[in-house]
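Read the structure below first, then the notes.
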Amino acid sequence: MIRGIYTALSGLNLHEIKQSILANNIANIDTPGFKKDVFAVEGQDEVALFRFVSGQTPAFVGELPLSVQPQWNFTTDFSQGRLEATGNPFDLAINGEGFFVVATPDGPAYTRAGNCTRSADGRLVTLEGYPIQGEAGDIVLPEGGEFVVDEEGNIRAGGEVVGRLRIVRFTNPQLLEKLGGNLFRAPEGVTPEEATGYTIHQGFLEKANMDIVEAMVRMIEALREYELAQRAVVAQDETLGKAVNEIPRLG
Amino acid sequence: MIRALWTAATGMQAKQLDLDVIANNLANVNTTGFKKSRVDFQDLMYQVIRFKGTPTSPETQVPSGIEVGLGVRPAAIQKIFSQGDIYETGNPLDLVIEGDGFFQILLPDGTVAYTRDGAFKLDAQGRMVTSDGFPLEPPITIPQGAESITIAQDGTVTVKMPGETEPQEVGVIELARFINPAGLLSIGRNLYVATAASGEPQVGTPGLEGFGTLAQGFLETSNVQIVEEMVRMISAQRAYEINAKAITTADEMMSITNNMKR
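Dropping the structure here:
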């Protein structure tokens, strides 16, 4: 009886987290390069129930999970977002696998948001001012004139190649930590490798891989699941109430 | 629950800002030399509920943890300096820069501002001034009684005086250019001033070293595309709506919690 109340409660807590994660996905629906977080719930390790009658071998009744837990193996969905034409030459998008490498004061970070700009000293930087890394370090664009980025990431200014964007991939991107500011960080022991399966598109931005219809449906789902868990608590409470108040009266 | 409420609120604020910028772009759709702006968004910080790599047993660890994002924030509102459409006016003092560069304007406080708006006029002293009366830098003075004014592609200003056969040169219009024009500060009246982010201006002759050329009798309209702004407005409105729905949902969940105990 009491056991059921705690099981339902663990569901309530997790569905609240689920709703928060959905709200964050929705708030970032227009954030370039944003990758949505996915949150799913599963039953925790099951416990076996036995019936004990004195003088007999305990009889196996069944298995029962006592609480629910998040599914650990899948938290961020790194699927491709749709590319939107902006016409701004400083907007770069990756189609396919990989991340841009950004040099932050705390070491390298990785991003899918290619909305960059040129700093006062001519380097290609993110909107926060962190330099975007080429294969030979910072990318310096010569003064004036236009620059062209081809599909392989080669940067040309005035017909001359001035650098090549460094695009890296991870065997398991799930291990990346979100830093905020459109950046990901690789925890210790996770090393990037050179990506190959990508094309770079200049004048395009990758939008969040979040779809408004899906967001709506997931939100309704989270709300109803929450409601259901609440119902379970109420039902347990009523049963318990009957046990406490009405059963003694019958006797 | 409270988390979802505030997260969705940052989403609504962001969309409000987006709409503010779109409204300003649309309000300036016919402003000479206006450059459209765009808001760029970033995800806010993350609250880590369970760290990635937390050991679950001596041999195993959590492969991917739980990070709850706390919303969105605007990272920058940047000007897009693409070329606007060019239209003919026939007015000899209307100038357009075809390509890179800004006109330099001397403000009353002695600082130099920069503009793409080439709708110049003459003041009482014959100086070429903006619509607000701020003179071009270096100053160009048209002598009184000039019959015609010619401004060449390279910025040379010549006038023909009555009774003279040879045109007379009165000055050269110079252009300024920035390594990062998106770093310029807009001060209204179609003017920009230099900042640390834009870098120092490089001054040069139109048509040389990558500077744009001048065309007389034309003006540059804004680079705002109405269709694009309309689409952005629709998308901003719908995103605003779904963020509001997220708030309603969080509210409903709180109400469900409140009804748990009767």
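So the sequence lines, in the order shown, correspond to chains A and B.
Residue numbering for the first sequence follows the numbering used here, beginning at 4 and increasing consecutively.
Residue numbering for the second sequence follows the numbering used here, beginning at -19 and increasing consecutively.
We treat Cβ as the ideally placed atom computed from N, Cα and C, and that holds for glycine.
Where does the unbroken alpha helix (DSSP H) through residue i begin, and where does it stop?
i	result
R218 (chain B)	206 to 238
K(-5) (chain B)	-18 to 7
For a test of the three-state rule: what should DSSP assign to residue i, helix, strand or coil?
i	result
G243 (chain B)	One cannot answer for residue 243 (chain B) here, as it falls past the ends of chain B, which runs -19 to 242.
P14 (chain A)	Residue identity differs from the one stated: residue 14 (chain A) is Gly in this sequence, not Pro. G14 (chain A): helix per DSSP, three-state reduction.
I250 (chain A)	helix
K15 (chain B)	coil
K233 (chain A)	In the sequence as displayed, the identity of residue 233 (chain A) is Gln instead of Lys. Residue state, collapsed to three classes: helix.
V164 (chain A)	strand
Q22 (chain A)	helix
T110 (chain B)	coil
Q101 (chain B)	A small correction: the amino acid at residue 101 (chain B) is Lys; Gln does not occupy that position in the sequence shown. Three-state DSSP puts K101 (chain B) in a strand.
A62 (chain A)	strand
I77 (chain B)	strand
L116 (chain B)	strand
N27 (chain A)	helix
L243 (chain A)	helix
P176 (chain A)	helix
G7 (chain A)	helix
K39 (chain A)	coil
I32 (chain A)	coil
G46 (chain A)	strand
N10 (chain B)	coil
D23 (chain B)	strand
P35 (chain B)	strand
K59 (chain B)	strand
Q124 (chain B)	coil
So which of the options has the shortest CA-CA distance to residue i?
i	options	result
I203 (chain A)	A:N118, A:F63, A:E217, A:S13	A:N118
P54 (chain B)	B:K(-5), B:E68, B:T237	B:K(-5)
N175 (chain A)	A:G166, A:F102, A:F37	A:F102
F61 (chain B)	A:T120, A:A246, A:D33, A:T34	A:T120
L86 (chain A)	A:G99, A:V164, A:I135, A:Q74	A:G99
G314 (chain B)	B:Y172, B:E180, B:G184, B:V92	What is shown of chain B runs -19 to 242, which leaves residue 314 (chain B) out entirely.
P161 (chain B)	A:E146, A:N212, A:S57, A:T78	A:E146
A230 (chain B)	A:H18, A:I5, A:T10, A:G14	A:H18
L116 (chain B)	B:Q217, B:V152, B:A226, B:D134	B:V152
F53 (chain A)	A:V44, A:G65, A:Q136, A:E249	A:G65
I159 (chain B)	A:V128, A:E228, A:D153	A:V128
G125 (chain A)	B:I206, B:E180, B:A156	B:E180
L50 (chain B)	B:Q27, B:T40, B:P38, B:T34	B:Q27
G81 (chain B)	B:G98, B:A(-16), B:N71, B:D89	B:G98
N10 (chain B)	B:A(-16), B:S202, B:R18, B:K241	B:S202
First and last residue of the beta strand (DSSP E) that includes residue i?
i	result
T138 (chain B)	136 to 140
S128 (chain B)	128 to 131
T129 (chain A)	127 to 129
K181 (chain A)	180 to 183
G70 (chain B)	G70 (chain B) -> no beta strand (DSSP E), and no H or E assigned at all.
Y94 (chain B)	92 to 95
Q41 (chain B)	Neither: Q41 (chain B) is in no beta strand (DSSP E) and is coded neither H nor E.
A51 (chain A)	49 to 54
L144 (chain A)	Here L144 (chain A) belongs to no beta strand (DSSP E), and DSSP marks it neither H nor E.
F83 (chain B)	82 to 86
T120 (chain A)	119 to 121
With a threshold of 7 Å between beta-carbons, can residue i be considered close to chain E, or not?
i	result
N4 (chain B)	You won't find chain E in this structure, because its protein chains are A and B.
Is any beta-carbon of chain A found at less than 7 Å from that of residue i?
i	result
Y220 (chain B)	no
A224 (chain B)	no
E47 (chain B)	yes
Q22 (chain B)	yes
M240 (chain B)	yes
Y251 (chain B)	Residue 251 (chain B) is absent from the structure shown; chain B starts at -19 and stops at 242.
S111 (chain B)	no
R212 (chain B)	no
I236 (chain B)	yes
T(-10) (chain B)	yes
S128 (chain B)	no
Step through the CB atoms of chain B and report whether any lies within less than 7 Å of the CB of residue i.
i	result
E138 (chain A)	no
Q205 (chain A)	no
D33 (chain A)	yes
P73 (chain A)	yes
M222 (chain A)	yes
V215 (chain A)	According to the sequence provided, residue 215 (chain A) is Ile. The question's Val does not apply to it. Interface residue, yes.
F37 (chain A)	yes
K181 (chain A)	yes
Q83 (chain A)	no
S23 (chain A)	yes
E146 (chain A)	yes
- Item | Complete runs of the beta strand (DSSP E) confined to the region 145 to 210 of chain B [at least 3 residues] | Correct list: 148 to 152, 155 to 157, 165 to 168, 171 to 173, 182 to 184, 193 to 196, 198 to 200.
- Query: Enumerated in chain order, which unbroken segments of the beta strand (DSSP E) with a length of 3 residues or greater are wholly contained in the region 66 to 117 of chain A?
  - Reply: 71 to 73, 86 to 88, 95 to 99, 102 to 107, 110 to 114
- Item | 3-residue-minimum beta strand (DSSP E) runs that sit fully inside the region 187 to 240 of chain A, ordered along the chain | 201 to 205, 207 to 209
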